[in-house]
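Trainee:
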Amino acid sequence: MQIHDTPALKAEARNLNFYYSEKQALKSINMPIYDKKVTALIGPSGCGKSTYLRSFNRMHDLYPGNRYEGEIRFFPDNTNLLSPDVDPIEVRMRIGMVFQKPNPFPKTIFENVAYGLRVRGENNKRTLDDKVEHALKGAAIWDEVKDRLQDMAPNLSGGQQQRLCIARALATDPELLLFDEPTSALDPIATGAIEELVHELKKRVTILIVTHNMQQAARVSDYTAYMYLGEMIEFGKTDQIFIKPNDKRTEDYITGRMG
Amino acid sequence: MKPLTTEQIRAVIAKGKFRDNLFKAVGVFCLAFALLVIVALIADMLIKGSERFTLDFFLNFASRRATQAGILSAWVGSLLVMLVTALAAVPLGVAAGLYLEEYAKRNWITNIIEINITNLAAVPSIVYGLLALGIFVYQFGFGQSILSAGLTLALLILPIIIVATREAIRAIPAMIREGSMAVGATRWQTCRYHIIPYAMPGILTGVIIGLARAIGETAPIITIGALTFIAFLPPVPFSEIDGGATAGMFDWVMSPFTVMPIQIFNWTSRPDPAFEINAAAAGFVLMAMVLSMNAVAIYLRYKMRKNIKW
Amino acid sequence: MSANNASDLPKVSDRLAYNAMRNWKEKLIEAILLGAAAISVLTTLGIVYVLVSESYSFFQNVSIIDFLTDTQWTPLFDDAHFGIMVLISGTLVSSGVALLLAIPMGTIIAIYLSEFANPKVREMAKPILELLGGIPTIVFGYFALLVVTPILQFFLPSLPGFSLLSAGIVMGVMIVPYIASLSEDAMRAVPMSMREGAYAMGSTKLYTAIHVVVPAAISGLAASYILGISRAVGETMILAVAAGMQPNLTWNPMEPAATITSFIVQVALGDLPHGSIGYQTIFAAGLTLLMITLLFNILGQWLRAKYRENY
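Chains as they are written, first to last, in the working numbering: chain A, 144 to 402; chain B, 5 to 314; chain C, 206 to 516.
1) Please state whether DSSP places A:K170 in a helix, a strand or coil.
2) Are B:L162 and C:S245 touching if we call contact CB-CB under 8 Å?
3) Can you find a CB in chain B that lies within less than 8 Å of the CB of A:V353?
4) Using the C-alpha atoms, what's the distance from C:L477 back to C:L292?
5) By the three-class DSSP mapping on this structure, what secondary structure does C:L214 have?
6) Helix, strand or coil for A:L319 per DSSP?
7) Return no unless some Cβ of chain B is closer than 8 Å to the Cβ of C:Q358.
8) Taking the straight line between their C-alpha atoms, what separation do you get for C:I465 and C:G339?
9) Using the beta-carbon of each residue, which ones in chain B are nearer than 8 Å to C:S245?
10) At 9 Å on the CB atoms, spell out the chain A contacts of B:T190, in chain order.
11) Just to confirm the assignment, what range does the beta strand (DSSP E) spanning A:R216 have?
12) Can you find a CB in chain A that lies within less than 8 Å of the CB of C:L221?
13) Please list the partners that A:A310 has in chain B, where partner means a Cβ-to-Cβ separation under 8 Å.
14) What's the C-alpha gap between A:N209 and A:P150?
15) Taking 6 Å as the limit between beta carbons, can you name the residues of its chain near B:N111, skipping five residues before and five after?
16) Is the shortest distance between the beta-carbon of A:T326 and the beta-carbons of chain C less than 8 Å?
17) Counting only Cβ pairs nearer than 9 Å, list the residues of chain A close to C:N224.
18) Output needed for C:K410: all residues of its chain with C-beta closer than 7 Å, excluding positions within five of it in sequence on either side, in chain order.
19) Under 8 Å, do B:P241 and B:S259 count as touching if we go by C-beta distance?
20) Would C:N210 be called buried (16 or more neighbouring beta carbons within 10 Å of its own) or exposed?
21) Give the straight-line distance between the Cα atoms of C:Y261 and C:T249, rounded to the nearest whole angstrom.
22) What does the alpha-carbon distance come out to for the pair C:I269 and B:A283?
23) Out of A:Y371, A:L372 and A:T367, state which residue places its alpha-carbon closest to the alpha-carbon of A:I384.
24) With a CB to CB cut of under 6 Å and the five nearest residues on each side skipped, what residues in its chain are close to C:D213?
25) Mapping DSSP to helix, strand and coil, what is A:N200?
26) By the DSSP assignment, the alpha helix (DSSP H) with A:V353 in it spans what residues?
27) Just tell me which of B:F236, B:K109 and B:I228 has its CA closest to the CA of B:A153.
28) Note down, in chain order, each residue of its chain lying with its Cβ closer than 6 Å to the Cβ of C:A489, except the 5 sequence neighbours on either side.
29) Decide yes or no for the touch test of the region 101-108 of chain B against the region 236-244 of chain C: beta carbon pairs closer than 8 Å, at least 3 of them.
30) What does A:M375 pair with, by DSSP beta-bridge criteria?
31) Under 6 Å Cβ to Cβ from C:S207, same chain only, skipping five residues before and after it: list those, please.
32) Sort B:G147, B:V32 and B:T89 by Cα distance to B:A218 and report the nearest one.
33) Hey, is A:F161's beta-carbon within less than 8 Å of any beta-carbon in chain B?
34) What three-state label does DSSP hand B:L208 in the structure shown?
35) Can you tell me which residues form a DSSP beta bridge with B:G31?
36) Can at least three beta-carbon pairs, one atom from the region 345-353 of chain C and one from the region 53-73 of chain B, be found at a separation below 8 Å?
The following block contains the structure:
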């Protein structure tokens, strides 16, 4: 994997294990996440890709009984995100997340996007206006909602809701953005819009995306990792993974012989 | 056994259908009986009490003369006691519900609290009265005051508010919490900006049902020794009381008082039938309060079910 | 933030370290919320403390044997007797009358709502039952004394103005909604497949209800009856108003009698000095009441837990 044109690291999993109580869901995963690149996680359902993704912003801390082992190094800090001295709240302020099903808050469009800033204590009207506009533009939804920022967010269409959720995550300028099957609840047109957006976003932010759709992984990602039964089977440049996988299991999955 | 003929089978089916219909009739009758009781109660009090529905009845103090006796101190007392009850029970109940749903870890402390709440909901209300008599009236020295009564009823309806809060919170999907935490909100921020506001209609329903229960409670208030004959109102804040002194902001909470149910009890237990009329009229007023509160709660719940947001 | 060979040093960068202030505030809020939740435990402890400590003083003066076996209850007389059986008999008789009415009626309503009624009827019936359950007990007491007793006297001319019968009947009406709603929940929890098995064999709705649904939900029904009992035992105002308050060791519902609860009301209405034996008596009576209801509650919860496991 160590090719000489390798870009800078944004994060790196080192010997990462994860347990839901007694059940081991991730088995010693090692994997780099490159800065300002899109990395896709593929694999059959239940392979642990979402579990892995949710380790990055310490989402598992919300539920009792979950346990991490190993490290996720975050750069440029070179800090282990899983260290007990690291505050999960601080982590989540720097690592945004977009969920499988759009989950806008039952509040106005404006308040949805401003939320991340408000919880940081930002209440200056002008700052909020600026940042909300910037985030909505970044999520390519500004033109559709600029005249109705005070409308309730759940009244938007599914695709708009998901872009609003992306805007919500962008508003706080995250360094890494986690996407958990962001288009699985959307129609093809809305899916296309999100994929285009992901492509646009990687200029500003590192992206890690879980997808059950291999075409999507091929379309949007620079790097792809194939996971199976909690293990990282293969990681590489997307072209290489899809054209010439090294591992037989990856090949079986990609050619549709499995999963 | 010989197979049945068609006629016999038809007869069996007819008999079964007849029994089904008979049971249906009995069921409808039982339900109608419940409705009848409510209607009879209200009608009886309305008709018997009709001659007391004058402004004077609401503006007069209790009196030895039935025709001049009114419910002024009773309804004012009920409202003030409810105010104390709500101020104590709502924050405590919501906080407890919030803790149990959003914070509590599955451990023995949580278990004890939960078992406690279930059991408290079934403790007879008069036992709360004994608790209040021993603790609020004598131990804390609150005396036979609005404060003692309000706090007693607050403890009594706390389980209702806690359960309503928990149910309302449980209806909020996990993805809302995750969405909030994922942008870096703390647990409390998530509660404050999302959980509490979204659970509000459900909490409100529980609060109204709880207060409707509290406003009709008699036994615990009698136990703490509420007076049955009160011919004055608690001091209005900053008003002049006798001797030229000014009442303090919260003097009223320590005032002796009476409430609607006690007034009704007092009138019901008098041998003079003229007071029956007063009891009926006051009972009707109390029923009107309780039923309208319940109706608001039922309507709120109905509306909530109609526009579920998730 | 230079990473000077930091990979060896497990150092946390400042921007990711715990924010002490925020952390402290969160912990404080959690502690406050826990405190609110703990009020319920304090309430229980308070109840136990008050009842037990006053009863302890009471039993310093009255032997527990007399308390349980004496057949007279005259705590405020010069010749004081403290036979709690007198009050328990009134409590049991009035509760018995109430349950004789409430259990069949509640069960029939529950079967009707769960097995027969269409959703529209159910939608209407539930609020009606809820309203019935929400009527203040003092209003029921008024109703028992001034409406039901005269009606009963029409049929039973020998019935006195105060009686356990009249109070018990109205108490039964009050309990119907509790039994109906809990029993209906239990029957609705019976899986449809069990009913379908019976229907497929050509059985009628009533036959299915009685022979399939009721047996399957039996522990839930029993739990609802037991909760009904504990409500009846703890009910106060209906009895204080309509059953008379004179202590009377009787098993005849046609007589007036005091119950544990109405005795407490009677004493509280008077002016007993704090600390007197009369004052302590109501706590001993309250402790007895609490133990009886607690017993039924534990039984009811055990039964409910049992029926939850069934499916």
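All residues carry an ideal CB built from backbone N, CA and C; glycine is no exception.
Owing to the predicted nature of the structure, the values given are computational and were not obtained by experimental measurement.
Mentor: On the basis of the coordinates in this document:
1) strand
2) yes
3) no
4) 20 Å
5) Low per-residue confidence applies at C:L214: pLDDT is 48, beneath 50, and the placement is therefore not dependable, though the value from the model is reported in the following sentence. Looking at C:L214 - three-state DSSP - the assignment turns out to be coil, as it is neither helix nor strand.
6) strand
7) no
8) 23 Å
9) A100, I117, N120, I121, L124, L162, P163 and I166
10) I232 and V262
11) N209 to F217
12) yes
13) Result: empty, since nearest Cβ-Cβ is about 11 Å, beyond 8 Å.
14) 33 Å
15) none
16) no
17) D230, I232 and E233
18) E320 and F321
19) no
20) Annotation note: pLDDT 45 at C:N210 (below 50); position unreliable, no value reported.
21) 18 Å
22) 41 Å
23) A:T367
24) Its pLDDT being 47, under 50, C:D213 is placed unreliably in this model, and the coordinates cannot settle the point.
25) coil
26) From DSSP, A:V353 is part of no alpha helix (DSSP H) but of the beta strand (DSSP E) over T349 to V353.
27) B:I228
28) S260 and F263
29) yes
30) A:M370
31) Note that C:S207 scores 40 on pLDDT, short of 50, meaning its location in the model is unreliable; the coordinates nonetheless yield the value given after this. None.
32) B:T89
33) no
34) helix
35) DSSP, once it has assigned bridges, lists no residue as partnering B:G31.
36) no
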